[in-house]
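Chains as they are written, first to last, in my numbering: chain P, 180 to 465; chain X, 212 to 500.
By construction, the Cβ of each residue, glycine as well, lies at the ideal position given by its N, Cα and C atoms.
Report on the structure given below.
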Amino acid sequence: MHLNSPIFVQYYYWISGIFTGNWGISLFTQRNVLLDVEQFLPATIELILTAAIIDLLIAVPLGLVAGRYANSAVDNGVRILSYLGIAVPSFVVAILLQLSLGYGAHLFPIIGRLSQTTTPPPTITGLYTIDSLLTGNFGTFGDAAWHLILPAFALALGPIAQEARIMRSAVVENLRRDYTLSEISHGLPETTVSLKYLMKPSLIPTVTIYALDISAQIANAFLIELIFNWPGFSRYGLNAMLSKDLNAIVAVVLVAGVMFAIANILVDVVVGYLDPRIRLQGRSEE
Amino acid sequence: MTSRRSFSEKYGRYWYKFRKNKLSLVGLAAIFAIVFIAIFAPWLAPDPSSAGLYVNFAGAGQPPSSAHLFGTDEIGRDILSRIMFGFRYSLMLMGVVLSICVVPGVVLGLIAGYYNGRRISTLIMRLADIFVAVPPLLLALSVASVLTPSAINAMLAVSVAWWPWYTRLVYSSASSIRNEDFVKAAELVGASRSHILFKEILPNALGSILTKVTLDCGWVILIGASLSYVGLGAQAPTPDLGTMIAEGSSYLPAQWWISIFPALAIVVVILGFNLLGDGINDMFSAGIS
Chain P
180 MHLNSPIFVQ YYYWISGIFT GNWGISLFTQ RNVLLDVEQF LPATIELILT AAIIDLLIAV
240 PLGLVAGRYA NSAVDNGVRI LSYLGIAVPS FVVAILLQLS LGYGAHLFPI IGRLSQTTTP
300 PPTITGLYTI DSLLTGNFGT FGDAAWHLIL PAFALALGPI AQEARIMRSA VVENLRRDYT
360 LSEISHGLPE TTVSLKYLMK PSLIPTVTIY ALDISAQIAN AFLIELIFNW PGFSRYGLNA
420 MLSKDLNAIV AVVLVAGVMF AIANILVDVV VGYLDPRIRL QGRSEE
Chain X
212 MTSRRSFSEK YGRYWYKFRK NKLSLVGLAA IFAIVFIAIF APWLAPDPSS AGLYVNFAGA
272 GQPPSSAHLF GTDEIGRDIL SRIMFGFRYS LMLMGVVLSI CVVPGVVLGL IAGYYNGRRI
332 STLIMRLADI FVAVPPLLLA LSVASVLTPS AINAMLAVSV AWWPWYTRLV YSSASSIRNE
392 DFVKAAELVG ASRSHILFKE ILPNALGSIL TKVTLDCGWV ILIGASLSYV GLGAQAPTPD
452 LGTMIAEGSS YLPAQWWISI FPALAIVVVI LGFNLLGDGI NDMFSAGIS
């Protein structure tokens, strides 16, 4: 492990190891950390992507309706929801969901990715839902999706609250603009105004925060995966942290950092697509 | 402060903006109540010995009753008393983390903003970017994991994750304020750099800093609770809300009160700080009166 070498030489060995696939041996699993990452990352990506989809499907319509009808009952409901989403820790949401919908109502499974009787689909992408669809196994797909809902929702609730709030204030802001007023006064149908002209500019700040939230999910997933016994990357990372498995910890931080950077680049691309001012003029100064 | 208006005049205007939103008042009241409870916990708690080394197996796992309003936990400690002492730890965590983060974060941000474009500014901001590139909870967890689990190290770990956000915030306001005429005037008459940084630029960035501090109080408490939930925070028998939820969750759902009441307590604290933060935001926001 080159422990006799100075720190920067050790760093050189580590960096060259990262690029040649030698990520060090995990003390916990006794394997190359890269293999562990490959094994555990898909489960977490599946969870985070599902949470991201739930987030977008709920937050954007909520924010749109709340902003369009500001100070209505819906708006107040969204306001209460968003305060709760910020104030209730995700691990408490997870426990409450497990208790009420899982244990109490028996609607959803409490732990794991699949029922014990279901055999995992052959690994193509490592995402059980996609793999089972690719192999045409709809029973397995249903089971995997059914297991995904509770943890994904627990993960998504905080971001939903935040995005709904940002979407709302963006809609309120755009509602005051001249072009919206002129559309309304020309008698365009409500749905056209809301969905075509109000939603797109309001999505710009929302998408920015959305992507940052998604990339931070890998850290929030630490507690969710622990509670739902989800065999994913974050639980692996948490185990590594609790057992002081340094090679694994470094790898977890590295992967999370890379995902964060990728998400930031994606934000710039998507915002550029949504905002013609940026698309046509190039990026303005900060 | 450069303002020539009397202090009470200014104060009254801020207070008017603050109390326009009733929810801000609710938040203020909640935070006052929590601070009061935390300070006077040894006298207010029905059973102060529950906060220390204490077992009472005969009275373990009792549901909420008139004797124990929130019930007792798995080794017979009164949960209400432990929550009251738990507030102390949460507020202490918040206070220590923010006092570690805010000062260096703000000073670095001022320097980077004022010398924007120079090498020192690039150095500071790239350093901050490195810390920002990792989600705060993950960074705090990994720092806490390589240290011995304790309350102090948990505070250190959260601080490491938190300071760059202040640097970035202050940087962005300082780099625009430094182009204002009053800063140029101060430079022209030969004011010292520390005068320009702290007397000219800082007071004008104070509103956004204060708003962020209040909103961050809730986040810091949340991250601290997450750390102690996985066992990297304060160690037993210190009454800590996150630890209490974690310990109680193995007794769910039969003895729900062990973890649900501490969870509610956390929600109240975070909600209180968020409402207060929104109020302070209203206070400094541009609704020019």
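Output the distance between the C-alpha atoms of residue i and residue j, rounded to the nearest integer angstrom.
i, j, result
"residue 281(P)", "residue 467(X)", "15 Å"
"residue 356(P)", "residue 378(X)", "34 Å"
"residue 444(P)", "residue 428(X)", "30 Å"
"residue 420(X)", "residue 183(P)", "45 Å"
"residue 301(X)", "residue 440(P)", "32 Å"
"residue 260(X)", "residue 291(X)", "12 Å"
"residue 401(P)", "residue 413(P)", "5 Å"
"residue 309(X)", "residue 241(X)", "20 Å"
"residue 229(X)", "residue 235(X)", "7 Å"
"residue 463(P)", "residue 210(P)", "Annotation note: pLDDT 49 at residue 463(P) (below 50); position unreliable, no value reported."
"residue 465(X)", "residue 271(P)", "17 Å"
"residue 395(X)", "residue 334(X)", "24 Å"
"residue 448(P)", "residue 380(P)", "15 Å"
"residue 194(P)", "residue 185(P)", "14 Å"
"residue 495(X)", "residue 474(X)", "32 Å"
"residue 299(P)", "residue 314(P)", "11 Å"
"residue 389(P)", "residue 231(P)", "8 Å"
"residue 365(X)", "residue 283(P)", "35 Å"
"residue 293(X)", "residue 331(X)", "48 Å"
"residue 481(X)", "residue 203(P)", "40 Å"
"residue 197(P)", "residue 250(X)", "51 Å"
"residue 411(X)", "residue 333(P)", "46 Å"
"residue 433(P)", "residue 188(P)", "19 Å"
"residue 407(X)", "residue 326(X)", "12 Å"
"residue 271(X)", "residue 247(X)", "29 Å"
"residue 439(X)", "residue 192(P)", "34 Å"
"residue 346(X)", "residue 401(X)", "42 Å"
"residue 181(P)", "residue 427(P)", "17 Å"
"residue 226(P)", "residue 372(X)", "25 Å"
Assuming residue i and residue j make a contact with CB atoms under 8 Å, what is their CB distance in whole Å?
i, j, result
"residue 420(P)", "residue 352(X)", "6 Å"
"residue 290(P)", "residue 408(P)", "4 Å"
"residue 288(P)", "residue 294(P)", "7 Å"
"residue 435(X)", "residue 369(X)", "6 Å"
"residue 459(X)", "residue 453(X)", "Actually they do not touch by this definition, with Cβ atoms about 11 Å apart."
"residue 265(P)", "residue 232(X)", "In fact, because the Cβ distance is near 16 Å, the residues do not count as touching under 8 Å."
"residue 287(X)", "residue 267(X)", "3 Å"
"residue 316(X)", "residue 253(X)", "Actually they are not in contact, since the Cβ atoms of residue 316(X) and residue 253(X) sit about 34 Å apart, beyond 8 Å."
Applying a beta-carbon distance threshold of less than 7 Å, which residues of chain P neighbour residue i?
i, result
"residue 324(X)", "Per Cβ cutoff of 7 Å: no residues; residue 324(X) is ~11 Å from chain P at best."
"residue 334(X)", "What residue 334(X) touches in chain P: nothing, since even the nearest Cβ is about 17 Å away."
State yes or no: is the beta carbon of residue i nearer than 8 Å to at least one beta carbon in chain X?
i, result
"residue 412(P)", "no"
"residue 432(P)", "yes"
"residue 324(P)", "no"
"residue 190(P)", "no"
"residue 268(P)", "yes"
"residue 421(P)", "yes"
"residue 248(P)", "no"
"residue 388(P)", "no"
"residue 452(P)", "no"
For residue i, would you say it is in contact with chain C, using Cβ-to-Cβ distances shorter than 8 Å as the test?
i, result
"residue 436(X)", "Structure shown: chain C not included; protein chains present are P and X."
Between residue i and chain P, is any beta-carbon pair separated by less than 8 Å?
i, result
"residue 308(X)", "no"
"residue 456(X)", "yes"
"residue 344(X)", "yes"
"residue 414(X)", "no"
"residue 487(X)", "no"
"residue 331(X)", "no"
"residue 441(X)", "yes"
"residue 357(X)", "yes"
"residue 481(X)", "yes"
"residue 433(X)", "yes"
Residues of chain X with CB under 7 Å from residue i, in chain order?
i, result
"residue 399(P)", "348"
"residue 442(P)", "Those within 7 Å of residue 442(P) in chain X number zero; the least Cβ separation is about 10 Å."
Quick one: which chain P residues come within Cβ less than 8 Å of residue i?
i, result
"residue 464(X)", "278, 282, 283"
"residue 429(X)", "265, 266"
List the residues of chain X whose Cβ lies closer than 8 Å to the Cβ of residue i, in chain order.
i, result
"residue 271(P)", "456, 474, 477, 478"
"residue 439(P)", "344, 345, 346"
"residue 274(P)", "456, 460, 463, 470, 474"
"residue 415(P)", "Under the 8 Å cutoff, chain X gives no residues; its nearest Cβ is about 13 Å from residue 415(P)."
"residue 256(P)", "Those within 8 Å of residue 256(P) in chain X number zero; the least Cβ separation is about 15 Å."
Taking C-beta pairs closer than 9 Å, name the residues in chain P that residue i reaches, listed in chain order.
i, result
"residue 314(X)", "By Cβ distance, chain P contributes nothing, its closest Cβ being about 25 Å from residue 314(X), past 9 Å."
Under 9 Å Cβ-Cβ, which residues of chain X neighbour residue i?
i, result
"residue 227(P)", "Those within 9 Å of residue 227(P) in chain X number zero; the least Cβ separation is about 12 Å."
Q) Fully enclosed by the stretch 289 to 329 of chain P, which alpha helix (DSSP H) runs are 4 residues long or longer? A) Counting only runs of 4 or more, we get 307 to 313.
**Q.** beta strand (DSSP E) runs contained entirely in the stretch 382 to 459 of chain P, provided each spans 3 or more residues
**A.** DSSP runs (the beta strand (DSSP E)) wholly in the stretch 382 to 459 of chain P: none.
Q: Jot down the residue ranges of each uninterrupted alpha helix (DSSP H) in the stretch 354 to 427 of chain X, minimum 4 residues, whole runs only, in chain order.
A: Taken in chain order, the complete alpha helix (DSSP H) segments of 4 residues or longer contained in the stretch 354 to 427 of chain X are 362 to 388, 392 to 399.
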